[in-house]
């Protein structure tokens, strides 16, 4: 099995209906799909690769080598008891926000300029993808974007820059432990040479195959709620290896912390007509994030129950 690969440019041509159906299948059956010909220039993507890799080498690598994860893994390897490190990830990561709180890497030439441009392009792509979801779900154009913005018009868009360096004991630690994403739509520009990302489908872990200049799309917990369960957030993880430094640039289009999230009424009505009685709670996204902070690596269903009770 392979993650669906979809030519996004065909959305505007004679194959629009087919492309809409492919994206619907990606959302409903997989929770993950890859977009090619998505409109982001190869030149910009090459610059993102360059500055991300240089930033790790110049500004991040030494700190990672002295990090808690490295120390814990070395201690565990010395014990040689076969246990996995289950409270840390083999990941160097930092987040670029939309606001003035972001501390931009200062020593990597061109990093801020490149990533500001990239983030702007990814945000536009995210909004296009959400409009396709609106259409496929039978919702008004802009429904998901409006729901995410909430009353304060502050949908969150952030970008995580991660690296998964070579690991001396890959059998003892994950690059990133299995989880579902808390938010809305995730757009990942992953390494095209070093793999490691996997999704859980049908009880089997499946590789998300590296594909040059593709953008991997996956749906988070809030899309699951808004779609009344038609689109599911999917468990995924990152494995590490002994060679190669895997680069990952993941952008998140999430609701405002003050946004109220609930299943779209049209989809609830349709589900009741079809005798599908599965229900999701109505909640404030900030409350959900408080629950998620403690339960990220645990099953998602109790998170929905916990926020229902708040």
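In full-length UniProt numbering, the protein residues as written are 1 to 310.
Glycine is no exception: its CB is placed at the ideal position from the N, C-alpha and C atoms.
Note that the coordinates shown come from a computational prediction; the quantities given were computed from them, not determined experimentally.
Query - Exposed unless 16 or more other CB atoms sit within 10 angstroms - verdict on residue 119 - result: buried
Query raised in the report: Do you know how far the Cα of residue 238 is from the Cα of residue 282?
Result: 31 Å
Query raised in the report: What does DSSP give as the partner residues of residue 158 in its beta bridges?
Result: 252
Query - Sheet register partners of residue 169 (DSSP bridge) - result: Its beta-bridge partners do not exist; DSSP assigns none.
**Report entry** Where residue 201 falls: helix, strand or coil (DSSP)
**Finding:** strand
Query raised in the report: Nearest to residue 299 by alpha carbon, out of 234, 266, 269?
Result: 234
Query - CA-to-CA distance, residue 130 to residue 223, given in whole angstroms - result: 10 Å
Query raised in the report: Does DSSP put residue 114 in a helix, a strand or coil?
Result: helix
Requested in this report: Sort 185, 41, 302 by Cα distance to residue 252 and report the nearest one.
Outcome: 185
Query - 7 Å CB neighbourhood of residue 304 in its chain, flanking five on each side removed - result: 280, 281
Query - Segment contact, 8 Å Cβ cut-off, at least three pairs: the segment 130-139 with the segment 22-41 - result: yes
Requested in this report: Give the straight-line distance between the Cα atoms of residue 98 and residue 171, rounded to the nearest whole angstrom.
Outcome: 37 Å
Query raised in the report: What separation, rounded to the nearest whole angstrom, lies between the Cα atoms of residue 18 and residue 126?
Result: 20 Å
**Report entry** Length of the line joining the Cα atoms of residue 205 and residue 195
**Finding:** 13 Å
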